[in-house]
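Chemist:
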Amino acid sequence: MKAVTANRLSDGAVVWLGADGALVERFEAAALYTDEDAPAALASVFAQPTVVAGAYLIEANAQGPAGREALRETIRLNGPTVRRDLGKQAEAQDERL
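In short: position in the sequence shown from 1, add 9, done, that's this note's numbering.
Laid out in structure tokens, this is it:
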């Protein structure tokens, strides 16, 4: 399975293509595509050149990024590995409290 990911131009946030074609900020809301359907999904994101930059396909499953790029994509998903008190990682910590 594959997911489409990119960075939103307005703030640099990592986004994924959701099932309804909208860009979502949480991987849990990202759509997963078969190898056959993934190129068309990626093309739909390229059709929004003023919204996102650097769109590409990643290997993924329901639990998150998979394959060779799993570590890189997990860091993009969760935020930087330092200063856990800032950004997405701080929000995740607040949710666990």
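Cβ atoms here follow ideal geometry from the backbone N, Cα and C, with glycine treated the same way.
Is Pro48 helix, strand or coil by DSSP?
Modeler: Helix.
Chemist: Who are the near neighbours of Ala83 in its chain, counting only those whose CB is closer than 6 Å to its CB and skipping five residues on each side?
Modeler: Here the sequence assigns Thr to residue 83, which means Ala is not the residue at that position. Excluding sequence neighbours, Thr83 sits near Pro74.
Chemist: Of the residues Leu51, Ser53 and Val24, which one's Cα is nearest the Cα of Ala39?
Modeler: When each option's Cα is compared against that of Ala39, the closest is Val24.
Chemist: At what residues does the beta strand (DSSP E) containing Glu82 begin and finish?
Modeler: Note, Glu82: premise wrong, no beta strand (DSSP E); alpha helix (DSSP H) at Ala79 to Asn87.
Chemist: Who are the Cβ neighbours of Tyr65 in its own chain at under 8 Å, not counting the five residues just before and after it?
Modeler: Result list for Tyr65: Val13, Thr14, Ala15 and Leu51, in chain order.
Chemist: Could you tell me the alpha carbon to alpha carbon distance between Gly30 and Leu41, rounded to whole angstroms?
Modeler: Using only the alpha carbons, I get a separation of about 12 Å.
Chemist: Could you tell me whether the Cβ atoms of Val54 and Leu26 are closer together than 8 Å?
Modeler: Yes, the Cβ-Cβ distance between Val54 and Leu26 is below 8 Å.
Chemist: I'd like the span of the beta strand (DSSP E) that includes Ala62, first residue to last.
Modeler: Looking at the DSSP string, the run of the beta strand (DSSP E) that includes Ala62 is Val61 to Asn70.
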